[in-house]
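Here the structure comes first, spelled out in structure tokens, and everything after it is commentary.
Numbering (this note's numbering), first residue to last: 1017 to 1595.
Take a look at the structure:
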């Protein structure tokens, strides 16, 4: 029987759990434990190893969890998730679009991040939906180094909110309509909106610690005392004029409600943003989980304020419990195990989202691809586990030596990839040009509408467009720019009135109605002025009631995706026989 260990690291504690894996469908929770992370500061040098390594070892020892393959979840604040849609193109071009999206949207250089993506299927409009996730490589490596130092073998680096989403999909496979999940932790609340292929994630900085801080300020006590008050006397006051007979409990409950009202406002903002940006529907159901979900009446509060169905998330759909699990304690602890259950699903290939942000050095060491198999050959797994335990012991004895070894490991990995990186750099310009072409293709979806509106705004009253023709550039043109030929008609009497009015206002200067239109077009920012010219003009009938003219012009190209691309100066075209 195989097994998988899961780890999710929160702001105040880490949760370690072990699952037995039976084939492709069976999971059994066999053990779990928590580790207090007081004093942990990710930004302080050496703090992660000094606090986390002994904490994880102690949690593993007290829970009876032995070192082995481990799936971990990064905090939602450490990653840059982006749901996006791409036009239907061949698979290789789709990957190029993903790479371009990463380069444009992630606020760090590509060589400083680790990134993964997953295509989610076709939208109703025929586009391809995708979830792209990126994180800073140094931050991810810091976490995986701690895991290795504690004696475990990282095989999956997932993201907390996505692990919760996987647990939701497993436990509730047929939820109709939109669903929102709140994972209310200590420092942040992860909001997850899911509707068919649409996914929206947001970290909200309003959670359990905000409640504790408000209680500490109101009662003039320490954060530790305020936390005890919250857990022992706190609940969520509901609407209406009600008071608790216990004055302290009454004050605490109203403080809790005040903070949750702020959270409620952020939830509404997120839902409105999701609906406007992704065209989604308002959610009809909410699930609550996370360490702060233990507050009494929190479900009633959101049911009252959001006017939707609210339940607590059961993350253990299809997961059994081993004989050592205290199921009474699990009723409360389940709030902190949603990420763990979602991570465990990776071992049986039952996760809806399979994002893996493993650092390249670890991927190279394991000779694996993005989704590393959990079940390795027995002898190799034993040897790898022994080697990692030895490395972990050495790290604990001497942090300085561990840091040196980590740097050497990174340097060795970089040398291995040096040739490949140079080749990729040589391809960079070609890839940018491809991205530029795709960007222009996507921009062209709306360009005709914008161009038509530009021309219509330049027409005089009594004029209308009767024909619109796009003429592609000739291959041998020195200046290959597409030409748009527009045929316009207008009532001759109306146009004559405008010509007379123009002469009157401009000291007798004469301009025809056609020339007035051309002059107006030259002032438009999307039109190349020197390309505008009238090529023909005639009366449509013998009586001269209706006039027609043809005008040609070129529109400016959309901005290039290539920052090194230089615009060529526009040369004046010769008429080439056009009249």
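Quick reminder that beta carbons are idealized off the backbone N, C-alpha and C, glycines included.
Rounded to the nearest angstrom, the gap between the Cα atoms of residue 1365 and residue 1040 is 7 Å. Taking the Cα of residue 1098 as reference, the smallest distance to any Cα among 1175, 1081, 1062 is reached at 1175. Each of 1270, 1235, 1308, 1214 was checked against the Cα of residue 1292, and the nearest Cα belongs to 1214.
In the three-state reduction of the DSSP assignment, residue 1231 falls in the helix class. Under the DSSP assignment, residue 1318 falls in the alpha helix (DSSP H) whose first and last residues are 1314–1322.
Of the candidates 1245, 1283, 1279, 1281, 1245 places its Cα closest to the Cα of residue 1265.
Judged by beta-carbon spacing, residue 1253 lies beyond the 8 Å limit of residue 1229, meaning their Cβ atoms are not closer than that value. Excluding residues up to 5 positions away in sequence, 1303 lie with their Cβ nearer than 6 Å to the Cβ of residue 1327 in the same chain.
According to the DSSP assignment, residue 1188 belongs to no beta strand (DSSP E), since it is labelled neither H nor E. When the five nearest sequence neighbours on each side are left out, the beta carbons in the same chain lying within less than 6 Å of the beta carbon of residue 1538 are those of 1545, 1548, in order along the chain.
The stretch 1132–1149 and the stretch 1048–1057 do not touch, with fewer than 3 CB-CB distances between them shorter than 8 Å. Counting along the chain, residue 1170 sits inside the beta strand (DSSP E) bounded by residues 1169–1175.
The three-state secondary structure of residue 1506, taken from DSSP, is strand. Between residue 1205 and residue 1222, the C-beta gap is smaller than 8 Å, which places the two residues in contact.
Here the stretch 1335–1355 does not lie against the stretch 1150–1163, with fewer than 3 beta-carbon pairs under 8 Å apart.
Taking 8 Å as the cut-off, the Cβ atoms of residue 1282 and residue 1220 count as close. In the three-state DSSP reduction, residue 1216 falls in the strand class (E or B). A check of alpha carbon separations from residue 1194 across 1294, 1500, 1173 identifies 1294 as the nearest.
Annotation: residue 1137 is outside any alpha helix (DSSP H); the continuous beta strand (DSSP E) that includes it extends over 1129–1138.
If you draw a 10 Å sphere on the C-beta of residue 1247, you find fewer than 16 other C-beta atoms in it, and that means exposed. For residue 1553, DSSP records a beta bridge to 1565. Inclusion of residue 1088 and residue 1037 in the CB contact set at 8 Å is not warranted, their separation being larger than that value.
When the alpha-carbon of residue 1278 is set against those of 1465, 1227, 1169, 1031, the nearest one is in 1227. Listed in chain order, the non-local C-beta contacts of residue 1315 below 8 Å within the same chain comprise 1304, 1326, 1327, 1328, local neighbours out to five positions each way being set aside. Residue 1097 sits in a strand when the DSSP states are folded into three classes.
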